[in-house]
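Undergrad:
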Amino acid sequence: MLGPPGGGKGTVAKKLQAEFNIPVISTGVILREAVDKRNKLGIEVENIMRKGGLVPDHIILEIIKERIKQKDCKNGYIFDGFPRNVEQANSLEKLNKELNEYIDYVFYFEIPFSEIIQRLSNRRVCKRCGTNYNLSFNPPKKDNTCDLCGGELYQRDDDKEE
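Numbering (the numbering used here), first residue to last: 781 to 942.
Here is the structure:
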């Protein structure tokens, strides 16, 4: 799933996950999981993120490689927002050859800039489970409360209109 933030990648990925019973692999999620593990790689990622830096591609690829080797990926997986650049795409191609795997489908979401702004400014995320809502077309049943877990919803700093 490739495309701009707010383009619907995560929403479609979750629907495909439910339909085909395969995991969604989101770079942001696996980076947070790496930090939570408190291993050498996780501590390195945390230090980079704490300083506001971008995690280097070789670290992203190492974490991706570990993730797709897990048992739940045996029958396939969905990347949400990965690869993000040409270097990551080339590295993924090499990794696929190494693991004797291939990519079945690539979905690119092309969304007008004005629509992206509208979607992001109306996006809310559950603090507890990470479920996304859109106040315009997918609002929670109860204001500021996640339908799934009852957690509080918030607007990410990078979703706020400037």
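The beta carbon of each residue, even a glycine, is placed where N, CA and C say it ideally should be.
Please give me, in chain order, every unbroken run of the beta strand (DSSP E) with length at least 3 that falls completely inside the stretch 856-882.
TA: Complete beta strand (DSSP E) runs here, min 3: 858-860.
Undergrad: Pop quiz: residue 947 and residue 805 are said to be a contact at Cβ under 8 Å. What is the actual Cβ separation, rounded to whole angstroms?
TA: The structure shown does not extend to residue 947, since the chain is modelled only from 781 to 942, so the question has no answer here.
Undergrad: Taking the beta strand (DSSP E) that residue 847 belongs to, which residues open and close that run?
TA: Looking at the DSSP string, residue 847 is not in any beta strand (DSSP E); the run it does join, the alpha helix (DSSP H), is 837-848.
Undergrad: When you compare each of 914, 863 and 813 to residue 895 by their alpha carbons, which one comes out closest?
TA: When only C-alpha atoms are compared, the closest one is 914.
Undergrad: For residue 910, which of 898, 897 and 925 has the nearest alpha-carbon?
TA: Of 898, 897 and 925, the residue nearest in Cα terms is 925.
Undergrad: Taking the Cβ atom as the reference point for each residue, do residue 900 and residue 785 lie within a distance shorter than 8 Å?
TA: Contact flag set, yes.
Undergrad: Rank 876, 837, 865 and 825 by C-alpha distance to the C-alpha of residue 783 and give the top, closest one.
TA: Out of 876, 837, 865 and 825, 865 has the C-alpha closest to the C-alpha of residue 783.
Undergrad: Judging by CA-CA distance, which residue of 908, 902 and 928 is the nearest neighbour of residue 935?
TA: Of 908, 902 and 928, the residue nearest in Cα terms is 902.
Undergrad: Please report the straight-line C-alpha distance between residue 937 and residue 905, rounded to a whole angstrom.
TA: Taking the straight line from one Cα to the other gives about 11 Å.
Undergrad: Specify the secondary structure class of residue 804 as computed by DSSP and reduced to three states.
TA: Three-state result, residue 804: strand.
Undergrad: Determine the extent of the alpha helix (DSSP H) in which residue 827 is found, giving its start and end residues.
TA: Start and end: 820-830.
Undergrad: Going by DSSP, which residues form a beta bridge with residue 925?
TA: Residue 925 pairs with 922 and 932.
Undergrad: Using only the alpha-carbon positions, how far apart do residue 795 and residue 912 sit?
TA: Cα-Cα distance, rounded: 13 Å.
Undergrad: Roughly how many angstroms lie between the CA atoms of residue 789 and residue 881, to the nearest whole one?
TA: When rounded, the distance between both Cα atoms is 22 Å.
Undergrad: Is the CB-CB distance between residue 930 and residue 907 below 8 Å?
TA: No; because the gap between Cβ atoms is not below 8 Å, this pair is not in contact.
Undergrad: Are at least three pairs of beta-carbons, each pair with one atom in the stretch 834-846 and one in the stretch 805-817, less than 8 Å apart?
TA: Judged by Cβ distances under 8 Å, the stretch 834-846 makes contact with the stretch 805-817, as three or more pairs qualify.
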